[in-house]
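Q: Protein chains in written order, with our numbering: chain A, -1 to 113; chain B, 228 to 336.
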């Protein structure tokens, strides 16, 4: 079974620039998550999709972050404009949304540095 | 007060030692308790999960949940250098999963 694919692996941008991250979840997984992990902290949920609908985006800074999941498969997360405090690893995860889907499968993440 | 508290460490132990990792939490709604392992520059991977209180064993790993004390533990027996990683506890209630900050573990050969 192929894992969760993310790209790019690394990105360095200047503040106020825009950036986009891409995620391809495990085939058949209905639920997709974007997490932000700042150095030394645990992952923090930004947005959760169920198929192509949003379940929870309460912690997404909507003035600068946006996300979409096309056709219930791939997803993109965009930041525009970026701030220094957005420097973090952005993790994508997916789960099958069955009664026992207690855990997620994570991708390797995109490490963003804003300078 | 954070919903999930986890000592960031680092914790350094010699090879073969028994390792104890712990988290406390404040939200009584949490029903599922997970432990993830995260190697450097990788995403977290699910190690173990437990539903409600009790123990669960998987090879060298044992997870314990004490809901009355709002305390969970992960024990690693016969620790190996390959166990060196950050261990994240996670707790789920409904659709909401909260992660701890992670404990960095170093196992010295």
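We put the beta carbon where it would ideally sit given N, CA and C, even for glycine.
Sorted by chain position, which residues of the same chain lie with C-beta nearer than 6 Å to residue 329 of chain B's C-beta, five sequence neighbours on each side aside?
A: Your numbering for residue 329 of chain B matches position 102 in the second chain. Excluding sequence neighbours, residue 329 of chain B sits near 313, 315.
Q: So with Cβ pairs under 8 Å, would you call residue 238 of chain B a contact of chain A?
A: Residue 238 of chain B sits at position 11 when you count from the first residue of the second chain. No, residue 238 of chain B does not count as interfacial toward chain A.
Q: Between residue 106 of chain A and chain B, is there a C-beta pair that is closer than 8 Å?
A: Residue numbering aside, residue 106 of chain A sits at position 108 when the first chain is read from its first letter. True, the Cβ-Cβ gap to chain B drops below 8 Å.
Q: Out of B:305, B:335, B:251, B:240, state which residue places its alpha-carbon closest to the alpha-carbon of residue 294 of chain B.
A: Counting from one through the second chain, the residue named residue 294 of chain B turns up at place 67. It is B:251.
Q: Note down, in chain order, every chain B residue with its Cβ under 7 Å from the Cβ of residue 113 of chain A.
A: As a working note, residue 113 of chain A is residue 115 in the first chain. Simply none; closest approach about 20 Å.
Q: Is the beta carbon of residue 86 of chain A less than 8 Å from the beta carbon of residue 110 of chain A?
A: For the purposes of this step, residue 86 of chain A is taken as the residue at position 88 of the first chain. For the purposes of this step, residue 110 of chain A is taken as the residue at position 112 of the first chain. Going by C-beta atoms, residue 86 of chain A is nearer than 8 Å to residue 110 of chain A.
Q: Locate the beta strand (DSSP E) running through residue 332 of chain B, then write down its first and last residues.
A: In the second chain, residue 332 of chain B corresponds to position 105, counting from 1. From DSSP, the beta strand (DSSP E) with residue 332 of chain B extends over 330 to 335.
Q: Is the separation between the beta-carbon of residue 299 of chain B and that of residue 245 of chain B shorter than 8 Å?
A: Position 72 of the second chain holds residue 299 of chain B. Position 18 of the second chain holds residue 245 of chain B. Cβ atoms of residue 299 of chain B and residue 245 of chain B: not closer than 8 Å.
Q: Measure the Cβ-Cβ separation of residue 278 of chain B and residue 318 of chain B and say whether it is below 8 Å.
A: Residue mapping note: residue 278 of chain B aligns to position 51 of the second chain, counting from 1. Residue mapping note: residue 318 of chain B aligns to position 91 of the second chain, counting from 1. Their beta carbons are not under 8 Å apart, which means residue 278 of chain B does not touch residue 318 of chain B by this criterion.
Q: Hey, out of A:66, A:62, A:61, whose CA is closest to residue 53 of chain A's CA?
A: Here residue 53 of chain A corresponds to residue number 55 of the first chain, with the count starting at 1. For residue 53 of chain A, the nearest C-alpha among the options comes from A:66.
Q: Shorter than 8 Å from the beta carbon of residue 30 of chain A to some beta carbon of chain B?
A: On the first chain, position 32 is the one that residue 30 of chain A refers to. Chain B, which has no Cβ nearer than 8 Å to the Cβ of residue 30 of chain A, makes this no.
Q: Checking the sheet assignment: what are the DSSP bridge partners for residue 278 of chain B?
A: The sequence position of residue 278 of chain B within the second chain is 51, counting from 1. Residue 278 of chain B is bridged to B:259.
Q: Name the two residues that bound the continuous beta strand (DSSP E) containing residue 22 of chain A.
A: Here the question's residue 22 of chain A lines up with position 24 in the first chain. Start and end: 17 to 22.
Q: Compare the C-alpha of residue 238 of chain B against each of B:248, B:232, B:286, B:230 and name the closest.
A: By one-based count along the second chain, residue 238 of chain B stands at place 11. Among B:248, B:232, B:286, B:230, the Cα nearest to that of residue 238 of chain B is on B:248.
Q: Using 8 Å as the limit for Cβ to Cβ distance, is residue 308 of chain B near chain A?
A: Position 81 of the second chain, counted from the start, is the residue given in the question as residue 308 of chain B. False, the Cβ-Cβ gap to chain A never drops below 8 Å.
Q: Any idea what DSSP makes of residue 230 of chain B, helix, strand or coil?
A: Indexing the second chain from 1 puts residue 230 of chain B at position 3. Coil, per DSSP.
Q: Closest Cβ-Cβ distance between residue 39 of chain A and chain B: below 8 Å?
A: Along the first chain, one-based indexing puts residue 39 of chain A at 41. It does: the Cβ of residue 39 of chain A has a partner Cβ on chain B nearer than 8 Å.
Q: Leaving out five residues on either side along the sequence, give the residues of the same chain with a beta carbon under 8 Å from the beta carbon of residue 71 of chain A.
A: Within the first chain, numbered from 1, the residue matching residue 71 of chain A stands at position 73. Answer for residue 71 of chain A: 22, 23, listed in chain order.
Q: For residue 332 of chain B, would you say it is in contact with chain A, using Cβ-to-Cβ distances shorter than 8 Å as the test?
A: By 1-based counting over the second chain, the position of residue 332 of chain B is 105. Not one beta carbon of chain A lies nearer than 8 Å to the beta carbon of residue 332 of chain B.
Q: Using only alpha-carbon positions, find the residue among B:333, B:332, B:327 that is nearest to residue 36 of chain A.
A: Sequence index remark: in the first chain, residue 36 of chain A carries index 38 (1-based). Residue B:327 is the option with its Cα nearest to residue 36 of chain A.
Q: So, is residue 322 of chain B buried or exposed, given that buried needs 16 or more other C-beta atoms within 10 angstroms?
A: The residue you call residue 322 of chain B lines up with position 95 of the second chain. The residue in question, residue 322 of chain B, is exposed, as its Cβ has fewer than 16 Cβ neighbours within 10 Å.
Q: Which residues in chain B have a C-beta closer than 8 Å to the C-beta of residue 53 of chain A? List them in chain order.
A: As a working mapping, residue 53 of chain A is identified with position 55 in the first chain. Per Cβ cutoff of 8 Å: 322.
Q: Which residues, taken in chain order from the segment 74 to 92 of chain A, show a beta carbon closer than 7 Å to some beta carbon of chain B?
A: 89
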